[in-house]
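These protein sequence lines are chains A and B, in that order.
Start counting the first sequence at 1; every next residue gets the next number (our numbering).
Start counting the second sequence at 1001; every next residue gets the next number (our numbering).
The structure under discussion appears below in the form of structure tokens.
Protein chains: 2
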Amino acid sequence: MTIAGCVMQNSFTEENYLKIIHNLSGPEGADVSTNALAEGTATRAASVTDMLRKLAEKDLIHYKKYQGVRLTSKGEKLALKVIRKHRLWEVFLVDILGFGWDEVHDIAEELEHIPSDRLVERLDAFLGNPQFDPHGDPIPDAKGNMPTANYLKLSEVIEGEKVLMMGVLEHSPTFLQHLDRTGITLGCEMEVREVNQYDKSALVVVDRDKTLFVSQEVSKKLLVQRL
Amino acid sequence: MTIAGCVMQNSFTEENYLKIIHNLSGPEGADVSTNALAEGTATRAASVTDMLRKLAEKDLIHYKKYQGVRLTSKGEKLALKVIRKHRLWEVFLVDILGFGWDEVHDIAEELEHIPSDRLVERLDAFLGNPQFDPHGDPIPDAKGNMPTANYLKLSEVIEGEKVLMMGVLEHSPTFLQHLDRTGITLGCEMEVREVNQYDKSALVVVDRDKTLFVSQEVSKKLLVQRL
DNA sequence: AAAAAAATTTAGGTGAGTCTAAAAATTTGA
DNA sequence: TCAAATTTTTAGACTCACCTAAATTTTTTT
Ligand SMILES: [Mn+2]
Ligand SMILES: [Mn+2]
Ligand SMILES: [Mn+2]
Ligand SMILES: [Mn+2]
């Protein structure tokens, strides 16, 4: 439906494309391929091409046929707005409503498209202007500035060092539930006791209390900060 | 987009039709006309007919050509679910985020379509299982039961009686802002001092404090309860 | 009981977002 | 370097929710 006589909103679908382009583009803003977007949006390459033409028309992306795609600064602003909303709602769901960090992503996928700016700003204030979401991801402020944090992966920590658990690089419910079961939570202290030379698995003491085994597959996905 | 291999959800649009049919149908569940729905959905009668055929196909409404439309019990359940979500989100926006009662309807129109049942139930619990929304409208419980309340209109109250202000029958921002300016809020006490025989306007004392003039146009839209 | 008016449905189309199949451009690599 | 493989775009079609115009049914009025 088009709303007569007013500037057309960006649709749910367009917002998703922008967000996914942003995420696939990474911190350096690299070009994103049509196929990568087809994968990310769970559609086919032909559908992506159609949408790219529309987004380019609206000056939300830089697009030249066969050359891949990059956000314009207008597109980047919009993507960051959607990401801001996603992450703020995740904080709400976990901190206020008591959901687990493994349960909130899909709900936030819907809430992130609720349009009101005043709602976002009031939600942000109510939550106490959080800097990071329940997965440790940074929350852009209203102007699109990301809080910086230079985390390293647990797999990069050497024997004897103590770190704080600050975030995850994989958001699937199964991964997060695995962490729950092994007792690794955001903010916990971890001391790397021993790193196995062969498979890079680590023996870790969590909160000076529980000793546990962490495979490299897992430790590569844990973001930590030196104490 | 159709989601392959799973039971299809009801769309945003379908949910709006059900909600509007419910509201136009009134407490007795009367038949609703195509034109009334066209007005309510801000579309044309021909579009309504298309959608009615689809809703009937899904067993959400009883529909016979030219005969108007009524919700089935399945449709009624769904409508009440949407209304429950709308009103709970309005409570959240006013009580938790501090919005005015004149600001929340449009935002709730969007939030009411967020699908998760677990979200609704947790929100309800967080808000303390409220029975009424910021406009005094009853909030159905998870099973669809409406809290009952037999309110009367302020225009029906006789001289000398004291009442509590419990709800409004008109939800437009301009009406609600008018009440704000005159100092009438949900829950305030009102004593009807005098009713003008000619135009039925009333002299009312609010919270034993401010005396003000209420036209019948307004007093017919205020729901109150005898003290 | 017709005729006129009003309400509703049908017929035929549109744009958004998707699809498959086929064509074209780019990249890989023998 | 040039043929094969891969990626991307084009062509043509579908569904959903909407539209206008025309036909049909119901209701109201004479
Ligand atoms: Mn998420
Ligand atoms: Mn997150
Ligand atoms: Mn409302
Ligand atoms: Mn309300």
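Where is the CB? At the ideal position from N, CA and C, for every residue including glycine.
Treat the numbers as computed from the prediction; the structure is a model and nothing was measured.
Can you check whether the C-beta of residue i is within less than 8 Å of a C-beta belonging to chain A?
i                : result
R1084 of chain B : no
V1007 of chain B : Reliability of the predicted coordinates at V1007 of chain B is poor, the pLDDT of 47 falling under 50, and no value is obtained from them.
A1004 of chain B : Only weak support is given to the placement of A1004 of chain B: the predicted model assigns it a pLDDT of 32, under 50, and the value that follows is read from those uncertain coordinates. For A1004 of chain B, the answer is no, since every Cβ of chain A falls outside 8 Å of its Cβ.
Y1017 of chain B : no
Distance cutoff 8 Å, beta carbons only. Does residue i sit that close to anything in chain B?
i               : result
R122 of chain A : yes
P134 of chain A : no
G98 of chain A  : yes
Q225 of chain A : no
E57 of chain A  : no
L119 of chain A : yes
F126 of chain A : yes
Of the residues the options, which one's Cα is nearest the Cα of residue i?
i                : options                            : result
E76 of chain A   : A:L179, A:H171, A:P27              : A:P27
H1105 of chain B : B:L1018, B:T1185, B:L1176          : B:L1176
C1188 of chain B : B:L1223, B:V1218, B:E1217, B:G1160 : B:L1223
L78 of chain A   : A:K221, A:F12, A:G40, A:L227       : A:F12
E194 of chain A  : A:S219, A:N16, A:H171              : A:S219
A1202 of chain B : B:V1094, B:V1157, B:L1060          : B:V1157
K58 of chain A   : A:S172, A:E14, A:E217, A:N196      : A:E14
N1196 of chain B : B:N1145, B:V1206, B:A1042, B:Q1216 : B:Q1216
P1115 of chain B : B:N1145, B:I1061, B:V1082          : B:V1082
R181 of chain A  : A:W101, A:I139, A:P130, A:R226     : A:W101
L1080 of chain B : B:N1016, B:I1096, B:T1185          : B:N1016
L1154 of chain B : B:A1042, B:Q1225, B:L1055          : B:Q1225
R1084 of chain B : B:D1095, B:M1051, B:P1130, B:A1056 : B:P1130
K1221 of chain B : B:P1147, B:D1137, B:A1030          : B:D1137
P147 of chain A  : A:E159, A:F132, A:G160             : A:F132
L1227 of chain B : B:G1040, B:E1039, B:M1190, B:N1145 : B:M1190
F99 of chain A   : A:I139, A:V204, A:H135             : A:H135
A1038 of chain B : B:G1029, B:G1160, B:L1052          : B:L1052
G144 of chain A  : A:G40, A:K74, A:E161, A:K64        : A:K74
L1055 of chain B : B:N1010, B:T1041, B:L1093          : B:N1010
G1127 of chain B : B:I1107, B:V1094, B:A1149          : What sits at residue 1127 of chain B in the sequence shown is Leu, not Gly. Residue B:V1094 is the option with its Cα nearest to L1127 of chain B.
P1173 of chain B : B:A1030, B:I1107, B:G1040          : B:I1107
Going along chain B, which residues have a C-beta under 7 Å from residue i?
i               : result
L176 of chain A : By Cβ distance, chain B contributes nothing, its closest Cβ being about 16 Å from L176 of chain A, past 7 Å.
S116 of chain A : I1107
List the residues of chain B that residue i touches, going by C-beta distances under 8 Å, in chain order.
i               : result
P20 of chain A  : First, the residue type needs correcting, since residue 20 of chain A is Ile and not Pro in the sequence shown. None at all; the shortest Cβ gap to chain B is about 15 Å.
E112 of chain A : What E112 of chain A touches in chain B: nothing, since even the nearest Cβ is about 11 Å away.
Inset, instruction - Count the C-beta pairs between the region 109-121 of chain A and the region 159-166 of chain A that are closer than 8 Å, then say yes if the count reaches three, no if not. - result: no
Inset, instruction - Evaluate contact between the region 1119-1134 of chain B and the region 1086-1098 of chain B, counting only Cβ atoms and requiring at least three cross-stretch pairs below 8 Å. - result: yes
Inset, instruction - Decide yes or no for the touch test of the region 1042-1062 of chain B against the region 210-227 of chain A: beta carbon pairs closer than 8 Å, at least 3 of them. - result: no
Inset, instruction - Would you check if there are 3 or more beta carbon pairs closer than 8 Å linking the region 15-34 of chain A to the region 65-72 of chain A? - result: yes
Legend entry - Nearest-residue set for ligand 1, Cβ under 6 Å from any heavy atom: A:H86, A:E90, A:H105, A:A108, A:H171
Inset, instruction - Please confirm if the region 1055-1069 of chain B is in contact with the region 1026-1043 of chain B, defined as three or more CB-CB distances below 8 Å between the two stretches. - result: yes
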